[in-house]
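Using our numbering, the first residue of the sequence shown is number 159, and each one after it goes up by one.
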Amino acid sequence: MKIVVTGATGFVGRRLSETLKQAGCQVVALTRDAESAASRAPALDSACAWDPLSEAAPAEAFDGADAVVHLAGETVVGRWTQAKRDAIRDSRVIGTRNLVNGLRDLPAKPPMLVAASAVGFYGDRGDEELDETSASGGDFLAEVCRAWEAESSKAREFGMQVAQVRIGVVLAQGGGALDAMLTPFRLGAGGPLGSGRQWWSWIHRDDLCDLVLHLIQRGESGVYNGTAPHPLRQKEFARVLGRVLRRPSFMPAPAFALKVVLGGFASELLSSKKVLPAATQASGFSYRFADLEPALRAALGR
159 MKIVVTGATG FVGRRLSETL KQAGCQVVAL TRDAESAASR APALDSACAW DPLSEAAPAE
219 AFDGADAVVH LAGETVVGRW TQAKRDAIRD SRVIGTRNLV NGLRDLPAKP PMLVAASAVG
279 FYGDRGDEEL DETSASGGDF LAEVCRAWEA ESSKAREFGM QVAQVRIGVV LAQGGGALDA
339 MLTPFRLGAG GPLGSGRQWW SWIHRDDLCD LVLHLIQRGE SGVYNGTAPH PLRQKEFARV
399 LGRVLRRPSF MPAPAFALKV VLGGFASELL SSKKVLPAAT QASGFSYRFA DLEPALRAAL
459 GR
């Protein structure tokens, strides 16, 4: 199979390219910097240049493609200035719109689009159990996710299968929330974020990549939560991480301090999403890492 991937040089995309290659796929990246793509993601077979904010995706990239995986988007990690918020929204909504517009114009379209979304879709929901049928929330990321999914859903209008994956906290070294948590733990100052009572829904990066391949191979359509089946409260997450690192995990980071340092992003770290992957499991997907401790040990080489 030939698979076209946006975001192929990013934190998830690099590993996904390897997963697809190991499965015998030809992997083509759509990326702003096609010349350096191979050095950033060695598993790629080729790359096509594309600026997702300014142009429709180039037709030549999709010649003979069996599926498209759309991962590209500005990282949500970091202080949410207005410019950062604009980049988070525009990279997802406008980028997806331009991708779908490029696909719409093709005389022969790939059969399938796997499009990233996020568990931010659900908003801050306390102890409520959430699955793929649950309503969206009302905060900034929920609004972004609704608009993001609305754009990828338009590919259904011209006959493509569309699988949307609402991704949780992705665990692996080299990026994401886990990397941001490691420094205070290694300095002996790790612990819960805020009260620690908020639910965190997570997934090991290898499971996320396996899920994308699983959806492609089965030709699935619909919404799938890209999370492990056992979410944890954040204080328990911190406790398990401390045990894996053999470092203390009792120094909480006060909510007010997080808000001073991180602005709006702190609200995302402190919000509660108890997300269950009901549709994902119903599709027959099997996890390598259903529980947090083995996932962290694998991610950290422990």
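Yeah, the Cβ is synthetic: ideal placement off N, Cα and C, and Gly gets one too.
Computed from a predicted model, the values in this text were never measured in an experiment.
Report task. Measure the alpha-carbon distance for D248 versus V302 and round it to whole angstroms. Result -> 9 Å
Query raised in the report: With a CB to CB cut of under 6 Å and the five nearest residues on each side skipped, what residues in its chain are close to E307?
Result: S275 and Q322
Query raised in the report: Whose C-beta lies closer than 7 Å to the C-beta of K431 among residues of the same chain, with five residues either side of it excluded?
Result: V277, Y280, R283, L288, W357 and S359
Query - Three-state class that DSSP yields for C183 in the structure shown - result: coil
**Report entry** Residues of its chain near D337, where Cβ-Cβ distance is below 7 Å and the 5 sequence neighbours each way are ignored
**Finding:** Q331
Query raised in the report: What did DSSP end up calling V235 once you bin it into helix, strand or coil?
Result: coil
Query raised in the report: Three or more beta-carbon pairs under 8 Å between the region 371-379 and the region 310-324, yes or no?
Result: yes
Query raised in the report: What are the start and end residues of each continuous beta strand (DSSP E) run of 3 or more residues lying completely inside the region 257-311, in chain order?
Result: 270-276
Requested in this report: Please name the residue in A335, V398, T438 and A411 whose C-alpha comes closest to that of V381.
Outcome: T438
Query raised in the report: Given a threshold of 16 other Cβ atoms within 10 Å of its Cβ, counted over all protein chains shown, does S194 qualify as buried or as exposed?
Result: exposed
Requested in this report: Could you tell me the distance, in whole angstroms, from the CA atom of L211 to the CA atom of G165?
Outcome: 13 Å
Query raised in the report: If you pair each beta-carbon of the region 170-188 with each one of the region 232-243, do three or more pairs fall below 8 Å?
Result: no
Query raised in the report: What are the boundary residues of the alpha helix (DSSP H) that R344 is part of?
Result: G334 to R344
Query raised in the report: So what does DSSP say about H228, is it helix, strand or coil?
Result: strand
**Report entry** In DSSP terms, what S197 is bridged to
**Finding:** In the DSSP output, where bridge partners are listed per residue, S197 has none listed.
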